[in-house]
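Let me begin by presenting the structure, written as structure tokens, before commenting on it.
Residue numbers (this note's numbering): 659 to 787.
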């Protein structure tokens with residue numbers, strides 16, 4: 659039986675007073691999504707199913723999902739769009755090879771995939787219009 663997927667809760671932390679409101683909202687949205695991921699993380703449940711169920715619970719959308727390195731035991735990187743007031747937050751859900759999930763706001767992520775997320779979201783918006 660597969661091990662449950664664990665969520666490493668690393669959300670945005672505020673470092674300056676001017677950014678407190680924006681970062682607090684960002685952190686709240688990503689924490690809500692992380693909690694939804696934790697609720698869906700059951701033994702034997704695949705990453706894709708956990709992600710889809712968590713996104714449905716928060717009203718988010720999957721932009722794309724790809725393996726980090728093709729092969730057995732590799733992790734995944736998924737880009738998601740999370741609702742935030744009248745806008746959205748673009749985030750990465752990163753699953754390491756050991757199954758631990760990490761949620762990072764795309765604009766703050768050092769992951770190279772984060773650079774394509776805003777452009778991909780824009781293309782998807784255009785197709786939806």
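Backbone N, C-alpha and C fix where the C-beta goes; we use that ideal spot for every residue, glycine too.
Backbone secondary structure at residue i - three-state DSSP
| i | result |
| --- | --- |
| residue 772 | helix |
| residue 762 | strand |
| residue 716 | helix |
| residue 745 | strand |
| residue 727 | coil |
| residue 736 | strand |
Exposure label - residue i; buried when at least 16 CB within 10 Å
| i | result |
| --- | --- |
| residue 762 | buried |
| residue 781 | exposed |
| residue 718 | buried |
| residue 779 | buried |
Inter-residue Cα distance where the pair is residue i and residue j
| i | j | result |
| --- | --- | --- |
| residue 695 | residue 735 | 14 Å |
| residue 712 | residue 691 | 7 Å |
| residue 693 | residue 759 | 11 Å |
| residue 786 | residue 737 | 17 Å |
| residue 783 | residue 755 | 31 Å |
| residue 767 | residue 715 | 24 Å |
| residue 764 | residue 703 | 25 Å |
| residue 752 | residue 733 | 7 Å |
| residue 750 | residue 772 | 7 Å |
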